[in-house]
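**Q**
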Amino acid sequence: MTTLIASTRAFAHRHDELPALHAAYLVVAVLSAALFSFGLFAALIALHMALDIVKYRELHRCTWRRTLQGVLRESLRDIMLLSVGLACTVYLDRTMGLIAVSGLVRLVLVVASAVVIVAPKYFILNESVMLLSHMRHYLSWKHPRMDKGWNALERTQIGLAFAAATLIVAASSFMSIPHAYVVDILLQELVDWI
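Oh and the sequence shown: position 176 is 179 in my numbering, straight run, nothing missing.
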């Protein structure tokens, strides 16, 4: 039994040096991003935000204002990716308009929609796994831009998240489809976890 524990510990200490493990992680992450809906990734973001609230309130003793600033800064990229991914899901829904499009154009649209829908999920999943694998370090670390102004990248991410949310809200008007259809797409993508 002690040799099994010693072997497991040795593997745990060296696992970052194994390229095969990184390749397997990449394959599993991409497949997970392709298979699961945005609802699961929204739940991951919500858990990350809850962890940040505990981190800033209890470990770093921040006020609620500073806590919310830290939570937003920590999750801004994920929120932006989720918003953009959902907007792409609505606008590139496979049941809209693809029937009338020729085969080659349909293939290009399917590949493009797969990329813009899977990529945000992959990045959210990757960040969540990194957070979980380095939990102790993450909890002791404060965001380096706390109490500073919003930089250009952060303002761009906020702008993209708002633009994507606006596009989702206005989708029925822009695409001349019933609002209920857009709601059905979002519910299917957020509530159906698999």
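Glycine is no exception: its CB is placed at the ideal position from the N, C-alpha and C atoms.
In this text, all values refer to a predicted model and were calculated from it rather than measured experimentally.
1. Taking Cβ to Cβ, would you say Ser78 is nearer than 8 Å to Leu95?
2. Taking 7 Å as the cut-off, is the CB of Ser10 close to at least one heavy atom of the ligand FMN?
3. Within the same chain, show all residues whose beta-carbon is closer than 8 Å to that of Leu163, passing over the 5 residues directly before and after it, in chain order.
4. Keeping to the same chain, check which residues put their C-beta closer than 8 Å to that of Ile161; ignore five residues upstream and five downstream.
5. Is Arg76 buried or exposed, if buried means 16 or more other CB atoms sit within 10 Å of its CB?
6. Use the C-beta contact count for Pro181: other C-beta atoms within 10 angstroms, 16 or more gives buried, fewer gives exposed.
7. Could you tell me the alpha carbon to alpha carbon distance between Leu134 and Gln72, rounded to whole angstroms?
8. Name the two residues that bound the continuous alpha helix (DSSP H) containing Gly152.
9. Alpha carbon to alpha carbon, what distance is there between Ala45 and Ile120?
10. What do you get for Glu61, buried or exposed, if any count of 16 or more other CB atoms within 10 angstroms of its CB means buried?
11. I'd like the list of long-range same chain contacts for Leu128, defined as Cβ closer than 8 Å, with 5 residues on each side in sequence excluded.
12. Out of Val93, Val57 and His63, state which residue places its alpha-carbon closest to the alpha-carbon of Ala167.
13. What are the start and end residues of the alpha helix (DSSP H) that includes Val87?
14. What are the boundary residues of the alpha helix (DSSP H) that Ile180 is part of?
15. Could you check if Asp187 is buried or exposed, using at least 16 other CB atoms within 10 Å of its CB as the buried criterion?
16. Tell me the DSSP secondary structure of Phe39 in three-state form.
17. Would you please state the rounded distance, in angstroms, between the beta carbons of Lys124 and Phe41? I believe it to be under 8 Å.
18. Does DSSP put Ala117 in a helix, in a strand, or in coil?
19. For Leu171, does the count of other Cβ atoms within 10 angstroms reach 16, so buried, or fall short, so exposed?
**A** Considering the structure as presented:
1. If you check the CB distance, Ser78 and Leu95 do not come in under 8 Å.
2. Looking for the ligand FMN in the displayed structure turns up nothing, as the structure carries no ligands at all.
3. Met83, Ser86 and Val87
4. Excluding sequence neighbours, Ile161 sits near Leu79, Met83 and Trp153.
5. buried
6. Counting the other Cβ atoms within 10 Å of the Cβ of Pro181 gives fewer than 16, which makes it exposed.
7. 19 Å
8. Premise fails: Gly152 is in no alpha helix (DSSP H) and is neither H nor E.
9. 14 Å
10. exposed
11. Ala32, Ser35, Ala36, Phe44 and Leu47
12. Val93
13. Start and end: Trp67 to Tyr94.
14. In this chain, Ile180 is not harboured by any alpha helix (DSSP H), its DSSP state being neither H nor E.
15. exposed
16. coil
17. 7 Å
18. helix
19. Correcting the residue identity first, residue 171 is Ile in this sequence and not Leu. Result: buried.
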